[in-house]
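**Q**
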Amino acid sequence: MIGKNIQQLRAKSGITLSELAERAGISKSYLSSIERNLKQNPSIQVMEKIAVVLKVDLKTLLKMDMNSEKKQQLEREWMDFVDELKRSGIDKQQVNEYKILIEFIKWHNEQALYEGSPHGNKGAPPAGGEAP
Numbered sequence: 001m002i003g004k005n006i007q008q009l010r011a012k013s014g015i016t017l018s019e020l021a022e023r024a025g026i027s028k029s030y031l032s033s034i035e036r037n038l039k040q041n042p043s044i045q046v047m048e049k050i051a052v053v054l055k056v057d058l059k060t061l062l063k064m065d066m067n068s069e070k071k072q073q074l075e076r077e078w079m080d081f082v083d084e085l086k087r088s089g090i091d092k093q094q095v096n097e098y099k100i101l102i103e104f105i106k107w108h109n110e111q112a113l114y115e116g117s118p119h120g121n122k123g124a125p126p127a128g129g130e131a132p
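Each residue of the sequence shown is one higher than the one before, counting from 1 in UniProt numbering.
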């Protein structure tokens, strides 16, 4: 995933692969293999050189990679959830029916948060009784 991040930042900066390689002092073929994720674990020194040329700190390159991994993990979890729904015999139509329930739960939770806030229950009748 580091390669994809480098490629995106390079494109955003308007720098060609050749320019980045030359400015960072690494071979074009090595940089290309990093960007294509053929070389997935470049040294920290190489990463620092690339970060300097792209005018980002090393954390940015690595953080982007971590965010991308988290996103992939989340996508896998959703796919696992969908697979489990299918195994349980729940189809798309039934999922749409559950949307109504989910919207109600969401509304209910928002009401509970509102009632628990300092502004909640203003003007509302006391619990179990009528308004004075």
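C-beta atoms are modelled at their ideal positions from N, C-alpha and C, and glycine is treated no differently. Fair warning: this is a prediction, and the values are worked out from it, not measured in the lab.
Thinking just about the alpha-carbon of each residue, which of S27, D83, M47 is nearest to the one in L61?
**A** For this step, residue 61 is matched to residue 61 along the sequence shown. When only C-alpha atoms are compared, the closest one is M47.
**Q** Taking 8 Å as the threshold (C-beta atoms), are A24 and K49 in contact?
**A** Numbered from its first residue, the sequence shown carries residue 49 at position 49. Numbered from its first residue, the sequence shown carries residue 24 at position 24. Against a cut-off of 8 Å, the Cβ pair of A24 and K49 comes out as a contact.
**Q** Name the residue from M79, E84, S18, F81 whose alpha carbon lies nearest to the alpha carbon of V53.
**A** Counted from its first residue, the sequence shown places residue 53 at position 53. Selected option, being the one with the closest Cα: S18.
**Q** State buried or exposed for I2, treating a residue as buried only when at least 16 other CB atoms are found within 10 Å of its CB.
**A** Mapped onto the sequence shown, residue 2 falls at position 2. The residue is buried, with at least 16 neighbouring Cβ atoms inside 10 Å.
**Q** Note down the Cα distance separating F81 from G89, rounded to an integer number of angstroms.
**A** Mapped onto the sequence shown, residue 81 falls at position 81. Mapped onto the sequence shown, residue 89 falls at position 89. Roughly 13 Å between the two C-alpha positions.
**Q** Report buried or exposed for G14, applying the criterion of at least 16 other Cβ atoms within 10 angstroms of its Cβ.
**A** Numbered from its first residue, the sequence shown carries residue 14 at position 14. By the 16-neighbour rule on beta-carbons within 10 angstroms, G14 is exposed.
**Q** Where does residue 135 sit, in a helix, a strand or coil, going by DSSP?
**A** In this structure the chain extends from 1 to 132, so residue 135 is not present and cannot be described.
**Q** Which residues mark the beginning and the end of the alpha helix (DSSP H) in which I105 is found?
**A** Sequence index remark: in the sequence shown, residue 105 carries index 105 (1-based). 92-116 is the span of the alpha helix (DSSP H), which, as asked, contains I105.
**Q** Helix, strand or coil for L17, going by three-state DSSP, please let me know.
**A** Translated into the one-based positions of the sequence shown, residue 17 becomes position 17. The answer is helix: DSSP assigns L17 an H, G or I state.
**Q** Give the secondary structure of D57 by DSSP, where H, G and I count as helix, E and B as strand, and everything else as coil.
**A** Within the sequence shown, the letter at position 57 stands for residue 57. Residue state, collapsed to three classes: coil.
**Q** From A98 to K71, what does the alpha carbon distance come to, in whole angstroms?
**A** Here residue 98 is taken as the residue at index 98 of the sequence shown, counted from 1. Here residue 71 is taken as the residue at index 71 of the sequence shown, counted from 1. Looking at the sequence shown, residue 98 is not Ala but Tyr. Approximately 25 Å between the Cα atoms of the pair.
**Q** If you count every other CB in all the chains shown that lies within 10 Å of the CB of A112, and 16 or more means buried, which is it?
**A** Taking the sequence shown and counting its residues from 1, the one referred to as residue 112 is at position 112. A112 comes out exposed.
**Q** What separation, rounded to the nearest whole angstrom, lies between the Cα atoms of E115 and H108?
**A** Counting from 1 along the sequence shown, the entry for residue 115 is found at position 115. Counting from 1 along the sequence shown, the entry for residue 108 is found at position 108. Rounded to whole angstroms, E115 to H108 spans 10 Å at the Cα level.
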